[in-house]
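Enquirer:
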Amino acid sequence: MYVYADNAATTAMSQLAIDAMLPYMNKVYGNPSSLHSVGQEAKEALEAARETVAQCLGAQSREITFTSGGSEADNQAIISAARFGARKNKKHIISTAFEHHAVLHTLQKLEKEGFEVTYLDVSRGHNITAQQVKDAIRPDTCLVTVMYANNEIGSILPITEIGAVCKEAGVIFHTDAVQAVGHLHINVKEQNIDMLSLSGHKFHGPKGVGALYCRRGLPLVNVIEGGAQERGKRAGTENIAAICSMAAALKDACDHIDENMPRVAAMRDRLIQGLSQIPHSALNGDAHNRLPGNVSFCFEGIEGEALLLLLDMKGVCASSGSACTSGSLDPSHVLLAIGRVHDVAHGSLRLSLSEYNTEEEVDHILKVVPEVVQYLRNMSPVWRDLQTGKREYIL
Ligand SMILES: *Cc1c(COP(=O)(O)O)cnc(C)c1O
Numbered sequence: 003m004y005v006y007a008d009n010a011a012t013t014a015m016s017q018l019a020i021d022a023m024l025p026y027m028n029k030v031y032g033n034p035s036s037l038h039s040v041g042q043e044a045k046e047a048l049e050a051a052r053e054t055v056a057q058c059l060g061a062q063s064r065e066i067t068f069t070s071g072g073s074e075a076d077n078q079a080i081i082s083a084a085r086f087g088a089r090k091n092k093k094h095i096i097s098t099a100f101e102h103h104a105v106l107h108t109l110q111k112l113e114k115e116g117f118e119v120t121y122l123d124v125s126r127g128h129n130i131t132a133q134q135v136k137d138a139i140r141p142d143t144c145l146v147t148v149m150y151a152n153n154e155i156g157s158i159l160p161i162t163e164i165g166a167v168c169k170e171a172g173v174i175f176h177t178d179a180v181q182a183v184g185h186l187h188i189n190v191k192e193q194n195i196d197m198l199s200l201s202g203h204k205f206h207g208p209k210g211v212g213a214l215y216c217r218r219g220l221p222l223v224n225v226i227e228g229g230a231q232e233r234g235k236r237a238g239t240e241n242i243a244a245i246c247s248m249a250a251a252l253k254d255a256c257d258h259i260d261e262n263m264p265r266v267a268a269m270r271d272r273l274i275q276g277l278s279q280i281p282h283s284a285l286n287g288d289a290h291n292r293l294p295g296n297v298s299f300c301f302e303g304i305e306g307e308a309l310l311l312l313l314d315m316k317g318v319c320a321s322s323g324s325a326c327t328s329g330s331l332d333p334s335h336v337l338l339a340i341g342r343v344h345d346v347a348h349g350s351l352r353l354s355l356s357e358y359n360t361e362e363e364v365d366h367i368l369k370v371v372p373e374v375v376q377y378l379r380n381m382s383p384v385w386r387d388l389q390t391g392k393r394e395y396i397l
């Protein structure tokens, strides 16, 4: 059996999304900036896709800018709000300690330019409260950027409440909603979201395409200079095939949230229930406000990387949520931010489900994960020390 349980990293494209791409490769292949009919046909498809994306978010189509993905949308949103704030001498930004690197690294760049960033503590309940945001807002705050839902541990943040706080204070509110779009109901107007990032490949669309919603009236700054595409806000010939495919995948996901997500959440809960039986383990992330597909655990006395390799051999594709894959031995900044100590953070496992997963696959995961954890513990000197009392259990 082969189980793909790494949907937070990327998803399989749906047949619907693949079919939506094809016409724009060899039939409607024009450049939307061309004045002739082949180009204008592509332009029409582009604008129809923009309208679809806007409708799925409760936005207007002119508020949608297509990008190369979630990372670019995050960069553009944050840099735009920072430049806008700096013009009024507002150089303070509020974020959280467990954002995606697309947000954190952009903020670090701004810190080097003289901006000050408050990273809200996420250790209580593995989440933040709107009150924390409210308490952190200052007269010189130009931006609040907090993710809609965390990609590693699944916590869903109180976005509607934070939107209300930001609106009252007159501070721009951006959310990296890459993990939430297509999985949770979102309405940018009702939730007072000023800017929102999304990415096609997290909801069965293609990779390398995303979008930034930016409320009308807020000025966007280009991060890619060149031609006048996307109302002059993002240069480069539009990736029509990917954009139309993403729009189709998004509409499909949003139309079926109410039937798909309860089923995914039920599989998630069965996994959480089963894996909690493993001694000296702990669930990561908010136990109640949680992405329907996210299961994240720490197991004491093992290395997450070894766990992943053995699980792969047993047909389970998962993730550790650690940065080791990028050549660093530091554990995940997210797990450290919620208060896991280094030793525990190293023994992490993230299983992320989609509506393509089945109950049989959940059974398979529930069979192999406890076996593999026990196998690794039997070989682990750390585990021996814990068992003999030379070392104290943390979990
Ligand atoms: C995947 C992801 C991103 C990056 O999106 P790309 O399209 O891969 O650039 C950003 N933020 C979060 C929360 C993500 O999960």
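Numbering (the working numbering), first residue to last: 3 to 397. We put the CB at the ideal spot given by N, CA and C, even for glycine.
Answer yes or no: do residue 84 and residue 144 have a C-beta to C-beta separation smaller than 8 Å?
Expert: Along the sequence shown, one-based indexing puts residue 84 at 82. Along the sequence shown, one-based indexing puts residue 144 at 142. A contact, by the Cβ cut-off of 8 Å.
Enquirer: Please classify residue 103: is it buried, with 16 or more other beta-carbons within 10 angstroms of its beta-carbon, or exposed?
Expert: In the sequence shown, counting from the first residue as 1, residue 103 sits at position 101. It counts as exposed.
Enquirer: By Cβ distance, which residues of its chain are closer than 6 Å to residue 361, with the 5 residues on each side in sequence left out?
Expert: The count along the sequence shown starts at 1 and reaches residue 361 at position 359. Cβ neighbours of residue 361 beyond the five flanking positions: none.
Enquirer: Who pairs with residue 296 in a beta bridge, going by DSSP?
Expert: Residue numbering aside, residue 296 sits at position 294 when the sequence shown is read from its first letter. Partner(s): 354.
Enquirer: I want to check one thing, is the minimum distance from the CB of residue 42 to the heavy atoms of ligand 1 below 7 Å?
Expert: To locate residue 42, count along the sequence shown from 1; it is residue 40. Residue 42: no, Cβ never under 7 Å from ligand 1.
Enquirer: Reducing DSSP to helix, strand and coil, say where residue 220 ends up.
Expert: Reading the sequence shown from its first residue, position 218 is the one you call residue 220. The answer is coil: DSSP assigns residue 220 none of H, G, I, E or B.
Enquirer: Below 7 Å, is the gap between the Cβ of residue 2 and the nearest heavy atom of ligand 1?
Expert: Examination of residue 2 is not possible in this model, given that the chain is present from 3 through 397 alone.
Enquirer: Have a look at 94, 87, 89 and 129 and flag the residue whose alpha-carbon is nearest the alpha-carbon of residue 101.
Expert: Within the sequence shown, the letter at position 99 stands for residue 101. The candidate whose alpha carbon is nearest that of residue 101 is 129.
Enquirer: Rounded to a whole number of angstroms, what is the C-alpha to C-alpha distance between residue 396 and residue 379?
Expert: What you label residue 396 is simply residue 394 of the sequence shown in a count that begins at 1. What you label residue 379 is simply residue 377 of the sequence shown in a count that begins at 1. Cα to Cα, the separation comes out at about 15 Å.
Enquirer: What are the complete alpha helix (DSSP H) segments, minimum 4 residues, inside the region 17–41?
Expert: 17–23 and 25–28, all fully within the region 17–41.
Enquirer: Indicate the three-state DSSP secondary structure (helix, strand or coil) for residue 317 in the structure shown.
Expert: Position 315 of the sequence shown, counting from 1, holds the residue named residue 317. The answer is coil: DSSP assigns residue 317 none of H, G, I, E or B.
Enquirer: Quick one, are the C-beta atoms of residue 146 and residue 188 less than 8 Å apart?
Expert: Here residue 146 refers to the residue found at position 144 of the sequence shown. Here residue 188 refers to the residue found at position 186 of the sequence shown. No, they are not a contact pair.
Enquirer: For a test of your reading of the model: does the CB of residue 77 fall under 7 Å from any non-hydrogen atom of ligand 1? Yes or no.
Expert: Against the sequence shown, residue 77 aligns to sequence position 75. No, the Cβ of residue 77 stays beyond 7 Å of every heavy atom of ligand 1.
Enquirer: In three-state DSSP terms, what is residue 183?
Expert: In the sequence shown, residue 183 corresponds to position 181, counting from 1. In this structure, residue 183 counts as strand in the three-state DSSP scheme.
Enquirer: Does the distance from the C-beta atom of residue 15 to that of residue 206 stay below 8 Å?
Expert: Here residue 15 is taken as the residue at index 13 of the sequence shown, counted from 1. Here residue 206 is taken as the residue at index 204 of the sequence shown, counted from 1. The answer is yes: Cβ separation under 8 Å.
Enquirer: Just confirm the distance between the C-beta atoms of residue 60 and residue 191, as a whole number of angstroms; I'd bet it's less than 8 Å.
Expert: Taking the first residue of the sequence shown as position 1, residue 60 is located at position 58. Taking the first residue of the sequence shown as position 1, residue 191 is located at position 189. About 5 Å; that satisfies the 8 Å criterion.
Enquirer: Of the residues 345, 275 and 349, which one's Cα is nearest the Cα of residue 368?
Expert: Residue 368 sits at position 366 when you count from the first residue of the sequence shown. The shortest Cα separation from residue 368 among 345, 275 and 349 belongs to 275.
Enquirer: Jot down the residue ranges of each uninterrupted beta strand (DSSP E) in the region 143–222, minimum 3 residues, whole runs only, in chain order.
Expert: Counting only runs of 3 or more, we get 143–147, 174–178, 197–201 and 212–216.
Enquirer: On the three-state DSSP scale, how would you describe residue 252?
Expert: Walking along the sequence shown from the start, residue 252 turns up at place 250. Reduced to three states, the DSSP call for residue 252 is helix.
Enquirer: Ends of the beta strand (DSSP E) at residue 98?
Expert: Numbered from 1 along the sequence shown, position 96 holds the residue referred to as residue 98. Segment 94–98, the beta strand (DSSP E) holding residue 98.
Enquirer: Sorry if obvious, but does the Cβ on residue 203 come closer than 7 Å to a heavy atom of ligand 1?
Expert: Walking along the sequence shown from the start, residue 203 turns up at place 201. Yes - ligand 1 has a heavy atom lying nearer than 7 Å to the Cβ of residue 203.
Enquirer: Flag residue 354 as yes when its Cβ comes closer than 7 Å to any non-hydrogen atom of ligand 1, and as no otherwise.
Expert: Locating residue 354 in the sequence shown gives position 352, where the first residue counts as 1. No.
Enquirer: Under 8 Å by Cβ, that's how I've got residue 50 and residue 214 pegged, so tell me the actual separation to the nearest angstrom.
Expert: For the purposes of this step, residue 50 is taken as residue 48 along the sequence shown, with counting starting at 1. For the purposes of this step, residue 214 is taken as residue 212 along the sequence shown, with counting starting at 1. Their Cβ separation, rounded to whole angstroms, is 19 Å, which puts residue 50 and residue 214 out of contact at 8 Å.
Enquirer: Between 154, 137, 198 and 153, which has its C-alpha nearest residue 170's C-alpha?
Expert: The count along the sequence shown starts at 1 and reaches residue 170 at position 168. Out of 154, 137, 198 and 153, 137 has the C-alpha closest to the C-alpha of residue 170.
Enquirer: With a threshold of 7 Å (Cβ to nearest heavy atom), would residue 185 be considered close to ligand 1?
Expert: By one-based count along the sequence shown, residue 185 stands at place 183. Not under cutoff, so the answer is no.
Enquirer: Look up residue 304 in the DSSP assignment and say whether it is helix, strand or coil.
Expert: The residue you call residue 304 lines up with position 302 of the sequence shown. Looking at residue 304 - three-state DSSP - the assignment turns out to be coil, as it is neither helix nor strand.
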